[in-house]
């Protein structure tokens, strides 16, 4: 999926006016123009350099239909119970506010932001007929005499289809990432970065690539600068999570080009730090300790936060007068949390691992600074305890305090740095595709 508000550094200073339309459009009242679409498919295949193994049908829908299509896609992969448990866990650790439904919030933003999207389950590319095209895009299309914005967007989504056909482990990662948020964000950065970088070459003439740092800063300003619309009022995790894979993934593809898909990052630390692109970290599994939960407790969810998630959490919950320093989340070496409901109340334990004792101490201090906000958000009467042992910090709410050490002692650990190693650690299948090198 691609956001309509992308800052391509083209006509960025122009005001928010309206134009009547473009000289040549890919979309008409009756649907997609087949000749133009096939021309675009051929150009995208040539630009990306991946084989088209099967046709990619395109369907035109109205903006009002976007939520229903995406809701069906989401609910095909997650049951209502799994969605509720996931949201409950995000609230428990402080990453999501009490109240707003995570799916409804996402769909509200998507309705306003998307111009097109590819659905792997259907293998269909959807084009939004009445999408919110930014003014700079309309100006660019007018001068180019063709539908430049949609060409970039549809090229982007066609690249996702090519990725799906050639690297299914990357695109179908949702099948096993229900409890792997950090890995999921890293793989999203891989596929979105790849599609963003190469989609700039799809229009004729192509759009010159932007400097990765300037591109990321533009996107961050766009995310911070919204004053109206669903995205402006969305929780920080959704707001920052939407731009992360594009802003950071673009830099990866800019530097590695097509090789990125063969060797994707598997943590957001690997995404955010070029010098740590293949940095090993500790994968954790707390599953063996679930049987140790007190009798009055019911397991809810287990997951990891990762460096990007930590940055969102600490920035979102920190008092305005005491913003956190990035040292609070840098030096991450793995984490895993477990959420339970004990007599109906939320409880959690969270094991965080760090590269050094200093890194652990910096996280401990920054996290303690946000415990008041955490209590207010998640409804805890008292803040969780923090215990630092060398380069590890354990965060525990009172209801799990007596069993926390025992659960942690049963944690399975494995040092990983590649997708294959992560999949093998968690016992997940590797799909691969004949004729390609599985990542």
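Numbering (the working numbering), first residue to last: 6 to 444.
Just so you know, even glycine gets a beta-carbon here, dropped at the ideal spot from N, CA and C.
Distance between residue j and residue i (C-alpha atoms, nearest Å)
i, j, result
"residue 314", "residue 127", "30 Å"
"residue 393", "residue 370", "11 Å"
"residue 173", "residue 122", "17 Å"
"residue 404", "residue 42", "58 Å"
"residue 356", "residue 196", "29 Å"
"residue 39", "residue 421", "46 Å"
"residue 119", "residue 395", "46 Å"
"residue 251", "residue 373", "31 Å"
"residue 124", "residue 75", "8 Å"
"residue 169", "residue 62", "14 Å"
"residue 134", "residue 66", "6 Å"
"residue 284", "residue 424", "12 Å"
"residue 33", "residue 389", "57 Å"
"residue 274", "residue 36", "42 Å"
"residue 270", "residue 276", "6 Å"
"residue 383", "residue 99", "7 Å"
"residue 264", "residue 249", "20 Å"
"residue 105", "residue 237", "14 Å"
"residue 428", "residue 365", "27 Å"
"residue 361", "residue 185", "24 Å"
"residue 346", "residue 377", "21 Å"
Selected residue, minimal CA-CA separation from residue i, among the options
i, options, result
"residue 213", "301, 157, 372", "157"
"residue 114", "270, 380, 68", "68"
"residue 56", "302, 268, 46", "46"
"residue 207", "379, 44, 405, 421", "44"
"residue 53", "99, 166, 121, 375", "166"
"residue 200", "176, 236, 379", "176"
"residue 155", "130, 168, 169", "130"
"residue 163", "59, 184, 414, 218", "59"
"residue 415", "402, 341, 367, 364", "341"
"residue 335", "321, 383, 363", "363"
"residue 286", "367, 402, 187", "187"
"residue 247", "298, 198, 377", "198"
"residue 298", "418, 433, 426, 410", "410"
"residue 50", "116, 419, 171, 218", "171"
"residue 209", "359, 326, 48, 406", "48"
Within 8 Å, strictly: CB atoms of residue i and residue j
i, j, result
"residue 221", "residue 256", "yes"
"residue 348", "residue 301", "yes"
"residue 408", "residue 93", "no"
"residue 159", "residue 31", "yes"
"residue 254", "residue 412", "no"
"residue 204", "residue 262", "no"
"residue 339", "residue 288", "yes"
"residue 318", "residue 354", "no"
"residue 102", "residue 329", "no"
"residue 379", "residue 385", "yes"
"residue 322", "residue 387", "no"
"residue 91", "residue 243", "no"
"residue 431", "residue 216", "no"
"residue 108", "residue 132", "no"
"residue 333", "residue 367", "yes"
"residue 202", "residue 258", "yes"
"residue 426", "residue 234", "no"
"residue 352", "residue 402", "yes"
"residue 83", "residue 183", "yes"
Check: residue i C-beta below 7 Å from any heavy atom of the ligand SAM
i, result
"residue 51", "Within the structure as shown, the ligand SAM is missing, as the structure has no ligands at all."
Opposing strand residues paired with residue i [DSSP bridges]
i, result
"residue 308", "342"
"residue 66", "133"
"residue 418", "289"
"residue 368", "According to DSSP, which records beta bridges pairwise, residue 368 is partnered with nothing at all."
"residue 337", "359"
"residue 37", "32"
Within-8 Å CB hit, residue i to chain B
i, result
"residue 204", "Of the protein chains in the structure, only one exists, and it is not chain B."
So, does the stretch 303-311 touch the stretch 91-109, judging by three or more C-beta pairs under 8 Å?
Because the criterion of three Cβ pairs below 8 Å is met, the stretch 303-311 and the stretch 91-109 touch.
Counting pairs of beta carbons, one from the stretch 223-240 and one from the stretch 188-195, are three or more of them closer than 8 Å?
Flag = no, the stretch 223-240 and the stretch 188-195 do not touch.
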